[in-house]
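Structure record follows, encoded as structure tokens.
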Amino acid sequence: MIGSIIIRMKVSQTGCVVLAGLLILAMNAAGCGSSAKLMSGLSIEELKPVPGVLPNARLIRGTVRGFSGDRVEVDTGERIPRYLSLEAGGDEGRGLQVGGVVEIMVNDRDEIVAYQRPADQSPTKIFRGSLGRVFNPQKERVTIRLDTGRDVGFYARTVAMEKLAALEVGETADFAVDRAYLLVDVVSLGKPRELTFGSSSRAPQRRVEGAFVTIGDGRMRLRMTLDDIQSFPVRPLLQPAIEQLDPNESVAIFLDGQGHVIDMVRVGRR
């Protein structure tokens, strides 16, 4: 099986992210006294997060009107004020003052996903991947598979959980993380079949049927006859879906011009 890398996070009462395990590379995370860290040799270049706003999100500006416990009241010129959580904002929240300006990011449902004091960059960073395992909202942790085939585990904020739960294994998406590297929003880019058939460079060249045996080291094995087991390399995008197959489950796979599996259809059990 492909190795899994988990970024184990918990949010302290100050809004900081605490990671446990073998810490190899540090990443600056504004909003925490220390920095968020990646594990097991995963580099920032491999994760490829870039400052940005998802196409379904927007930034609005407002003026801080007052504080009440953990809540910050902000006048954005809308009919009713917006309310921010100081704890979720980390240093950004603690730096707010009455009369000060704040930038608020909202998703396509008009829910607040992040905020910051005015800055040149957005309050979120974006990276691309596919859902590696079925997401369980009760555990708050989601497994994302990068294009390199690596699995990375993130914790998600409540505002993103319903969207994450709607993704299918292998479904590619752009993910937004806040300054604490918690998932706050997601935009699907299409399900596995939609992606593979929509790419002319990887259009299916050959169909093969067999009974699923196992997958490991980036290759799946199919039993063609009683004494014939064949192995096929699998494109990283499709690996999470194949890992959900049961032993002896009958499938049809589609191979591209290089002989890699780029799509799969369940056809029953043998």
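Oh and the sequence shown: position 31 is 25 in this note's numbering, straight run, nothing missing.
The C-beta atom is built at its ideal place from N, Cα and C for all residues, glycine as well.
Can you check DSSP and say which residues form a bridge with residue i?
{"i": "Q110", "result": "E97"}
{"i": "D69", "result": "T57"}
{"i": "A51", "result": "Answer is none; A51 lacks a bridge partner."}
{"i": "L80", "result": "In DSSP, L80 forms no bridge with anything."}
{"i": "I209", "result": "M214"}
{"i": "P45", "result": "K119"}
In whole angstroms, what separates the C-alpha of residue i from that of residue j?
{"i": "Q224", "j": "E162", "result": "27 Å"}
{"i": "G126", "j": "L48", "result": "21 Å"}
{"i": "S124", "j": "L140", "result": "7 Å"}
{"i": "V207", "j": "R260", "result": "14 Å"}
{"i": "A51", "j": "L177", "result": "14 Å"}
{"i": "V171", "j": "L80", "result": "18 Å"}
{"i": "G89", "j": "Y175", "result": "19 Å"}
{"i": "P230", "j": "V92", "result": "49 Å"}
{"i": "D168", "j": "P112", "result": "24 Å"}
{"i": "I106", "j": "V100", "result": "4 Å"}
{"i": "P43", "j": "A160", "result": "23 Å"}
{"i": "E67", "j": "R59", "result": "5 Å"}
{"i": "F248", "j": "L158", "result": "28 Å"}
{"i": "A82", "j": "G63", "result": "13 Å"}
{"i": "D102", "j": "E237", "result": "32 Å"}
{"i": "G184", "j": "F121", "result": "15 Å"}
{"i": "Y109", "j": "R144", "result": "30 Å"}
If contacts are defined as beta-carbon pairs under 8 Å, then residue i and residue j qualify, I think. What distance do you get, rounded to the angstrom?
{"i": "M214", "j": "V255", "result": "6 Å"}
{"i": "G212", "j": "V228", "result": "6 Å"}
{"i": "P234", "j": "G164", "result": "5 Å"}
{"i": "G56", "j": "T70", "result": "4 Å"}
{"i": "F226", "j": "L239", "result": "About 13 Å; that fails the 8 Å criterion."}
So does residue i have its beta carbon nearer than 7 Å to some heavy atom of the ligand NAP?
{"i": "A205", "result": "This structure lacks the ligand NAP; in fact it carries no ligand of any kind."}
- 4 or more residues per run - each alpha helix (DSSP H) lying fully within the region 212 to 261: 233 to 236
- Mind listing, in chain order, the continuous alpha helix (DSSP H) runs of no fewer than 4 residues lying wholly within the region 99 to 182? 152 to 160
- Quick check: the region 101 to 119 against the region 44 to 60, are there 3 or more CB pairs under 8 Å? yes
- So does the region 89 to 96 actually touch the region 147 to 165, counting three or more Cβ pairs closer than 8 Å? no
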